[in-house]
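**Q** Reading the sequence shown from the start, the letters are residues 854 to 1024 in the numbering used here. One structure, pasted below without further comment.
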Amino acid sequence: MKKFKTFDSFSFSSNLLNNINSKWFMITAGNLDSYNMMTASWGMFGILWNKPVAEIFVRNTRYTHNFMEKNDYFSLSFFDEDYRNILDLVGSKSGRDFDKMAIKNLTALSYENKTVYFEEANEVLICKKLLAYPLHKDLLPEQINKNFYNTFNEEHHTAFYGEIIQYLKKV
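Shown next as structure tokens:
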């Protein structure tokens, strides 16, 4: 089995945009005793305050949102296409109603007891939360509200900014 190798936080994948848009990724927060994860396809990466930063978006009604609010660290895990069915499951079921910690073929690992990531992932970004910023309706253009929020009873997202403190890649 391939093992993870640690790389500099500034050296993560050149295929990152493709991985986010077409392959998706998993956001996880909590520790091995209690965590939740969700599938995501929105995210941004760059430099903020001279740090490598990930920005991810979590709907306020998602169970994962509670874990993101309560914890100082989170992980972003990227998987091969073989795990699409697991990403579908994680994205379609709420942790309120379904024990995601019991999903078969998904092995949770602890990062210094600060957050959880998965052995089956190919790449993982470990992030330390810097900021949580609610995207209120009045901040967004009308067309964005119409296209992305009217069908979801106006539930909006929180943008979570995290410093990428560790980049793990299977080698």
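Even for Gly, the Cβ is constructed at its ideal location relative to N, Cα and C. Computed from a predicted model, the values in this text were never measured in an experiment.
Considering just the uninterrupted stretch of the alpha helix (DSSP H) at L940, what are its terminal residues?
**A** R937 to S945
**Q** Keeping to the same chain, check which residues put their C-beta closer than 6 angstroms to that of T914; ignore five residues upstream and five downstream.
**A** E1008
**Q** Could you give the C-beta distance for H1010 and L984, rounded to a whole number, given that I count them as a contact under 8 angstroms?
**A** Rounded, the Cβ-Cβ distance is 14 angstroms, inconsistent with contact.
**Q** Check the DSSP bridge columns for Y1019 and list the partner residues they point to.
**A** For the record, residue 1019 in the displayed sequence is Gln; it is not Tyr. The partner list for Q1019 (beta bridge, DSSP) reads I979.
**Q** Would you kindly work out how many angstroms separate the C-alpha atoms of S928 and N884, rounded to a whole number?
**A** 11 angstroms
**Q** Contact between the stretch 882 to 896 and the stretch 995 to 1005 is defined here as three or more beta-carbon pairs at a separation below 8 angstroms; is this criterion met?
**A** no
**Q** S963: beta carbon under 8 angstroms from a heavy atom of the ligand ATP?
**A** Because no ligand of any kind appears in the structure shown, any question about the ligand ATP cannot be addressed here.
**Q** Do you know how far the Cα of L993 is from the Cα of L978?
**A** Roughly 28 angstroms between the two C-alpha positions.
**Q** So, helix, strand or coil for I956, using DSSP?
**A** coil
**Q** For E922 and D886, what's the separation of their Cα atoms in angstroms?
**A** Spanning the two alpha carbons is a distance of roughly 17 angstroms.
**Q** Exposed or buried, K953, counting other C-beta atoms within 10 Å across all chains shown (16 or more means buried)?
**A** buried
**Q** Starting from N1000 and walking both ways along the alpha helix (DSSP H), at which residues does that stretch end?
**A** E995 to F1001
**Q** Assuming E922 is part of the alpha helix (DSSP H), what are its boundary residues?
**A** Y916 to K923
**Q** Hey, quick one: how far does the beta strand (DSSP E) through K904 stretch, first residue to last?
**A** K904 to R912
**Q** Looking only at its chain, what residues have a beta carbon closer than 6 angstroms to the beta carbon of W1025, apart from the 5 residues adjacent to it on each side?
**A** Coverage of the chain is limited to positions 854 through 1024, which leaves residue 1025 absent and any answer about it impossible.
**Q** Would DSSP call S930 helix, strand or coil?
**A** strand
**Q** My assumption, with CB atoms under 8 angstroms, is that T968 sits in contact with A907. Please give the rounded CB distance.
**A** Rounded, the Cβ-Cβ distance is 13 angstroms, inconsistent with contact.
**Q** Between the alpha carbons of G899 and A961, how many angstroms are there, rounded?
**A** 27 angstroms
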